[in-house]
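For the first sequence, counting from 1, position 266 maps to 749 in the working numbering; every step adds exactly one.
The C-beta atom is built at its ideal place from N, Cα and C for all residues, glycine as well.
Nothing here was measured: the structure is a model prediction, and the numbers come from that model.
Data first, discussion second: the structure below is written as structure tokens.
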Amino acid sequence: MLDLKFVRSNPEAVREGMRKKRVEVPLDELLELDEKRRSELFEVEQLKNERNQNSKEVAERKKAGLDASDLIERTRQISKEIKERDEEIARLDQRIQEILLAIPNIPDASVPEGDDDQDNVEVSKWGEPTQFDFEPLAHWDLGVNLDILDFERAVKISKSRFVVDKGLGARLERALINFMLDLHTSEHGYTEVFPPVLVNGDSMTGTGQLPKFAEDMFKCEGYDLYLAPTAEVPVTNLHRDEILDPDQLPIYYCAYTPCFRAEAGAAGRDTRGLIRVHQFNKVELVKFVRPETSFDELEKLVADAEKVLQLLELPYRKVLICTGDMGFSNAKQYDLEVWMPSYGRYVEISSCSNFTDYQARRANIRFRPEPGAKPEFVHTLNGSGLAVGRTAAAVIENYQQADGTIRVPKVLQKYMGTDVIKLDRQGQLIGI
RNA sequence: GGAGGGGUGGCUGAGUGGUCGAAAGCGCUCGCCUCGAAAGCGAGUAGGUGGGUAGUCCCCGCCUCGUGGGUUCGAAUCCCACCCUCUCCGCCA
484 MLDLKFVRSN PEAVREGMRK KRVEVPLDEL LELDEKRRSE LFEVEQLKNE RNQNSKEVAE
544 RKKAGLDASD LIERTRQISK EIKERDEEIA RLDQRIQEIL LAIPNIPDAS VPEGDDDQDN
604 VEVSKWGEPT QFDFEPLAHW DLGVNLDILD FERAVKISKS RFVVDKGLGA RLERALINFM
664 LDLHTSEHGY TEVFPPVLVN GDSMTGTGQL PKFAEDMFKC EGYDLYLAPT AEVPVTNLHR
724 DEILDPDQLP IYYCAYTPCF RAEAGAAGRD TRGLIRVHQF NKVELVKFVR PETSFDELEK
784 LVADAEKVLQ LLELPYRKVL ICTGDMGFSN AKQYDLEVWM PSYGRYVEIS SCSNFTDYQA
844 RRANIRFRPE PGAKPEFVHT LNGSGLAVGR TAAAVIENYQ QADGTIRVPK VLQKYMGTDV
904 IKLDRQGQLI GI
């Protein structure tokens, strides 16, 4: 969330940020409530001071063997009033928090202003869209033909928007996960973590999913536990309510987890294939850094994610997301989009963001710049490195051959144990 | 799931109704000492928040001893609920 003190002293900057992000927030109400809360607080604190002084005097009188009953009676009344006014302040606090939690992060000045994805800016492009001298198939057809993806049975055991990976399809998924983790841990300096994927409400609030986006995720009935929509949630919350040692910074984590999304508002969109499913795998990159370095760290993080696509030799482009299209908690966001032949366009495969101190304030993650200095909020960043299901789809489609088989990218061959995915004459997968 | 013990500052740990945001030790910071270092000596060292101020220095107040309620003039201390943790028993991949 934003710093209330910042909002108080820079309301116009906040208003401008909200306008750029194309959201409406009750800023005037917030400022009014804040003003009211502070004056109430001042008054009740004076009463508390009086109560505390009186209590001390009671102790002194009793010690001296004097009567204190008049003072006790008076203080009893003060305590009663304190209780009532504390309740009023608690109500104000609650409403202030509610509004504050619903205010998104302010976009960085370097972010282009725009309404939606039409206004995003292509920053760079790697490779060219794959050319075929035959009619290419979509991954949902190729995968079913090769018996490596099974959508029908997934519907039976769960519902629509689920998939079963089978044979070399399952192995491709596992190969991609291992390849990505190996790359980020051994080449890019990330520490691997394997966190819980059931996370509590505090964690969801810490990274900004709650309270505003409750309908986007799955909740466990009867528990304060949610299926994490991304490893960003458990991994960022690793350091919730901590004061980090500055020598630790920057901290780089990468994590493979399954991710779960309700896709409530996406009915009818991307209904086929692996692009939009309720459960998918992802390797996530998360950073905790000193504030002054966070925008440089974002560039490095994006480069780390790009490296995956380059090594897989998949054509992609890098897009700077405009103010109206970026995420709720982000100050700056790049998306990587991979060429997807079935869509005839580039499709998002990674989203990399600098959250500045927005998540750190919500999750109370700080560091002490110098011994004895006041703690400051760190900056947090994260990005997909990459979404595994969509990567598998991109591999299947971009590496398909005229005979319906799929070449295996060079870097995956040692993980796959084969250089091609195909069926033998009996319709069995071969090459394992 | 059952029985019992316990959650105090960066760490260890004392504190069972008032003078306790909290002894002592460790750690850390600064100073003295030293050619330098160690040892020793001295001082300092929780977080949040409101106000004095335009201010991260300073001054005053308020809140916080797992969390939330309650009793009381007054709660780290007493009562209730919940969370976490340790030991034993049961169950279990």
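Compute the Euclidean distance between the alpha carbons of E581 and L693, then round it to the nearest angstrom. 11 Å
Find out if the Cβ-Cβ distance for the pair R520, D576 is shorter than 8 Å. yes
For L514 and K563, the rounded distance between their alpha carbons: So the two alpha carbons sit approximately 29 Å from each other.
Considering Cα atoms alone, identify which of L797, E596, S833 is closest to Y882. L797
C-beta contact flag for A875 and E656 at 8 Å: yes
In angstroms with no decimal places, state the Cα-to-Cα distance between R844 and I579. Between R844 and I579, the C-alpha separation is close to 15 Å.
Under a Cβ-count criterion, where at least 16 other Cβ atoms within 10 Å of its own Cβ denotes burial, should I915 be classed as buried or exposed? Below a pLDDT of 50, predicted positions are generally treated as unreliable, and I915, at 48, falls in that range; the measurement from the model is reported next regardless. So I915 counts as exposed.
Hey, would you say P612 sits closer than 8 Å to F811, going by beta carbons? Result no, Cβ atoms of P612 and F811 do not sit closer than 8 Å.
Three-state class that DSSP yields for H622 in the structure shown: helix
Report yes if the C-beta distance between F838 and L864 is below 8 Å; otherwise report no. Contact: yes.
Where in the segment 828 to 862 do unbroken runs of the beta strand (DSSP E), each at least 3 residues long, occur, reported from the N-terminal end onward? 828 to 837, 848 to 850
Going by DSSP in three states, N881 sits in which element: helix, strand or coil? helix
Going by Cα to Cα distance, which pick from I879, C805, R828 is closest to V604? Closest option to V604, Cα to Cα, is C805.
Out of K765, G900, R759, state which residue places its alpha-carbon closest to the alpha-carbon of V830. R759
To which residues of the same chain is M687 closer than 7 Å at the C-beta, ignoring the five residues directly before and after it? L693, Y709, V716
Straight-line CA distance for V508 to V497? Roughly 10 Å separates the two Cα atoms.
Cβ neighbours of A714 in the same chain (closer than 6 Å, five flanking residues each side left out): Correct list, in chain order: A738, T740, E767.
Counting pairs of Cβ atoms below 8 Å between the segment 522 to 534 and the segment 613 to 620, do you hit three or more? no
Nearest to L784 by alpha carbon, out of L516, L727, S834? S834
Would the beta-carbon of V772 fall within 8 Å of that of V861? yes
Spatial distance of D665 from G807 (CA atoms): 35 Å
Leaving out five residues on either side along the sequence, give the residues of the same chain with a beta carbon under 8 Å from the beta carbon of M809. K504, P590, V594, K815, Q816, S836
What do you reckon, are the CB atoms on V676 and Y736 nearer than 8 Å? yes
Whole angstroms is fine: what's the gap from R752's alpha carbon to R644's? 11 Å
Quick one: Cα of I561 to Cα of K546, how far? 23 Å
Can you list, in chain order, the residues of its chain with a C-beta nearer than 7 Å to that of M484? Leave out the 5 residues immediately preceding and following it. Contacts found: L583, L584, I586, Y841, R844, R845.
Cutting at 8 Å between CB atoms, please list the residues of its own chain near I726, excluding the five before and the five after it. R849, F850, R851, P858
Between I904 and I631, which are expected to be in contact by the criterion C-beta below 8 Å, what is the C-beta distance as a whole number of angstroms? Confirmed, Cβ separation roughly 7 Å.
Please report the distance separating the alpha-carbon of L895 from that of R828. 24 Å
Taking all protein chains shown into account, decide if E512 is buried (16 or more other Cβ within 10 angstroms of its Cβ) or exposed. exposed
Beta-carbon separation (whole angstroms), P892 vs V871, contact threshold 8 Å: Actually they do not touch by this definition, with Cβ atoms about 14 Å apart.
In whole angstroms, what separates the C-alpha of R926 from that of A711? Nothing in the structure corresponds to residue 926, since the chain is present only between 484 and 915.
Just to confirm my understanding: we take F763, look at its own chain, exclude 5 residues before and 5 after, and list those with CB closer than 6 Å. What are they? Take F763, set aside five residues on each side of it, and the residues of its chain with a beta-carbon closer than 6 Å to its own are C742, G872, in chain order.
Assign M823 to one of three DSSP states: helix, strand, or coil. DSSP, read as helix, strand or coil, puts M823 in strand.
Helix or strand or just coil, what does DSSP make of Y898? helix
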